[in-house]
Amino acid sequence: MWQAVNLHWKCMIPTLTWTPEGVSFIDQTRLPLEESYVLATTYEEVAEVIVTMVVRGAPAIGVSAAYGVALGAKSTSAKSTQEFAPEFEKICARLAGTRPTAVNLFWAIDRMKGLFANLRDSEATLAQVQDRLLAEAHAMYEEDIAACKTMGAFGGALLPDEGGVLTHCNAGALATCGYGTALGVIRSAVEQGKHIHVYADETRPFLQGARLTAWELMADGIPTTVICDNMAASLMKAGKIKAVVVGADRIAANGDAANKIGTYNVAILAKEHGIPFYVAAPWSTIDLATKTGDAIPIEERPQVEVTHHGGKQLTPNGVGICNPAFDVTPSKYITAIITERGVLRAPYTEALRQMELVAG
Ligand code: MRU
């Protein structure tokens, strides 16, 4: 019987932290070789940090954008709430224009917009607006960690007592405000005494699995093996993978889930091999206004992410390149969606609608 272990939670690494000078981000483009931090002192810099993926992962970019709004409000030269209103819209538009797929970004900005509208209607002073916007960003930060812990407990119970669990991309502490979604499920399973060995897809082209998932799981002492993306099928056939758990950037009303490019491949492979395929995501990733995965906007990233690695060119000059950052896994491949509100199973349209009604 495996003993429950008290992990040294490196997962509480400061993915993003509000400071009096601005928002501090661990630089995810430099991990794992260098642990360095970027300080964003303006909302434009927060937007830049999101675009360049210094910070990435759906929940983390949502909360980062909320802090970006708070930062923009703090440094305005406007003298009143009314005077600040057009600038507030500009700040929100800039942050919303950073990355199109993760709905958490728009969820967070909409929440800030709703608060601002209320404060404006109640004739709050600019100082009150500044304080309340920052307090709202702090609340989102805390709620995100709490959601990860709760979904972790729900999902941890679904994982096998022992064996290999495959994950794709990084849906860990680095993709959230702490603990992680898919990696939160794995962390929780390990805390419950399960003997999990993680197989981390390297996740071309940005290598979130090889660099980030491996780094944060090693810090926790969770056994981890990095595999190239094209190795999953053969490991599944060999019986080494007992379950798959991934995060999501947006889950449509019918349960179709957008996540890092390559997730769809893994889902098909899991189905073929009779392996459960779990998606773990906070409710802020659920987008009931988008009916199916076909309507989810997929970000196209710069070609250089594919043509080069570590500053070195990999491909011949002028060759055609495509770099969609995400794909959509149809809900028929998903065994369960794990959220902080509970575990949902097909039919997802009904399950999601029902859970929204109960909790909403
Ligand atoms: O392009 P990225 O690195 O932001 O993509 C991240 C993912 O695809 C994650 O799996 C997803 O955002 C869930 S993070 C908890």
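In my numbering, the protein residues as written are 11 to 370. Ideal Cβ positions, reconstructed from N, Cα and C, are used throughout, including at glycine.
Cβ separation of residue i and residue j, assumed to be a contact under 8 Å, to the nearest whole Å
i, j, result
"Ile232", "Ile206", "7 Å"
"Glu97", "Ala88", "6 Å"
"Val33", "Phe94", "With a Cβ gap of about 20 Å, Val33 and Phe94 do not count as contacting."
"Ala253", "Ile261", "Not confirmed; about 19 Å, so no contact."
"Gly188", "Arg197", "Not a contact, Cβ separation roughly 11 Å."
"Leu136", "Thr91", "5 Å"
"Ala70", "Ala185", "5 Å"
"Thr213", "Asp239", "7 Å"
"Thr111", "Pro340", "Contact flag wrong, Cβ pair sits at about 16 Å."
"Val236", "Thr177", "Actually they do not touch by this definition, with Cβ atoms about 11 Å apart."
"Glu315", "Phe216", "6 Å"
"Ala68", "Asn128", "With a Cβ gap of about 26 Å, Ala68 and Asn128 do not count as contacting."
"Val195", "Tyr274", "With a Cβ gap of about 20 Å, Val195 and Tyr274 do not count as contacting."
"Ala134", "Ile23", "Not confirmed; about 35 Å, so no contact."
Host beta strand (DSSP E) of residue i (start-end)
i, result
"Leu362", "First-last for Leu362: Tyr358 to Ala369, but that is the alpha helix (DSSP H), not the beta strand (DSSP E)."
"His207", "His205 to Asp211"
"Trp28", "Leu26 to Thr29"
"Thr234", "Thr234 to Ile237"
"Lys247", "No beta strand (DSSP E) holds Lys247; the alpha helix (DSSP H) holding it covers Ala242 to Lys247."
"Leu49", "Tyr47 to Ala50"
"Thr339", "Phe336 to Thr339"
"Val255", "Ile251 to Val256"
"Gly352", "Gly352 to Leu354"
"Phe35", "Gly32 to Ile36"
"Phe287", "Phe287 to Ala290"
"Thr349", "Ala346 to Thr349"
"Arg260", "Arg260 to Ala262"
First and last residue of the uninterrupted alpha helix (DSSP H) at residue i
i, result
"Lys270", "Not the alpha helix (DSSP H): Lys270 falls in the beta strand (DSSP E), residues Ala267 to Lys270."
"Gly72", "Ala68 to Lys84"
"Val64", "Looking at the DSSP string, Val64 is not in any alpha helix (DSSP H), and its letter there is neither H nor E."
"Ile278", "Thr273 to Glu282"
"Ser198", "Ala192 to Glu201"
"Leu454", "In the structure as shown, the chain begins at 11 and stops at 370. Residue 454 is therefore absent and cannot be evaluated."
"Val316", "Val314 to Thr317"
Neighbourhood of residue i by C-beta distance below 8 Å, restricted to the same chain and skipping five residues each side
i, result
"Lys204", "Trp12, Gly166, Leu169, Pro170, Asp171 and Glu172"
"Glu366", "Ile296 and Leu298"
"Val61", "Thr108 and Arg109"
"Thr359", "Ala263, Asn264 and Gly265"
"Gly352", "Phe164 and Met365"
"Ile344", "Gly265, Ala267, Ala277, Phe287, Tyr288, Val289, Ala356 and Tyr358"
"Met161", "Thr191, Gly194, Val195, Ala290, Ala291, Pro292, Ile348, Thr349 and Glu350"
"Ser46", "Ile36, Asp37 and Arg40"
"Pro334", "Ile271, Ile308, Glu309, Glu310 and Arg311"
Beta-carbon contacts of residue i that lie in its chain and below 7 Å, excluding the five residues immediately before and after
i, result
"Arg104", "Tyr53, Glu54 and Ala57"
"Arg221", "Leu41 and Pro42"
"Val64", "Phe35, Asp37, Gln38, Thr39 and Val48"
"Thr390", "Any answer about residue 390 is impossible in this case: the structure gives the chain only from 11 up to 370."
"Leu279", "Ala242, Ala243 and Met246"
"Ala118", "Gly72, Val73, Ala75, Ala76 and Met150"
"Thr317", "Gln323, Leu324, Thr325 and Ile331"
"Glu31", "Leu49 and Thr51"
"Lys388", "For the chain, the structure presents residues 11 to 370; residue 388 sits outside this window and is missing."
"Phe116", "Ala106"
Same chain only: Cβ atoms within 6 Å of residue i, ignoring 5 sequence neighbours per side
i, result
"Ile347", "Val289 and Leu354"
"Ala147", "Ala76, Tyr77 and Ala80"
"Ala199", "Gly166, Leu169 and Ile206"
"Glu192", "One point to set straight first is that residue 192 is Ala, not Glu, in the sequence displayed. Thr177, Ala181, Val255, Val256, Gly257 and Ala290."
"Ala369", "Arg351"
Contact test: residue i Cβ vs ligand 2 heavy atom, cutoff 7 Å
i, result
"Asp259", "As presented, the structure is devoid of ligand 2, carrying ligand 1 as its sole ligands."
Test: residue i CB closer than 8 Å to a CB of chain D
i, result
"Gln92", "Given the protein chain composition of this structure (a single chain), no chain D is represented."
Quiz prompt | Contact between the stretch 303-322 and the stretch 122-135 (3+ Cβ pairs under 8 Å) | solution = no
Quiz item: Does the stretch 311-330 come close enough to the stretch 281-295 to have 3 or more Cβ pairs within less than 8 Å?
Solution: no
Practice problem: Please list the segments of the alpha helix (DSSP H) lying wholly inside the stretch 92-172, counting only runs of 4 or more residues, in order along the chain. | Solution: 113-131 and 136-166
Quiz item: Counting Cβ pairs closer than 8 Å, one from the stretch 71-88 and one from the stretch 101-116, do we hit at least three?
Solution: yes
Quiz item: Is the stretch 247-260 in contact with the stretch 155-162, if contact means three or more CB pairs nearer than 8 Å?
Solution: no
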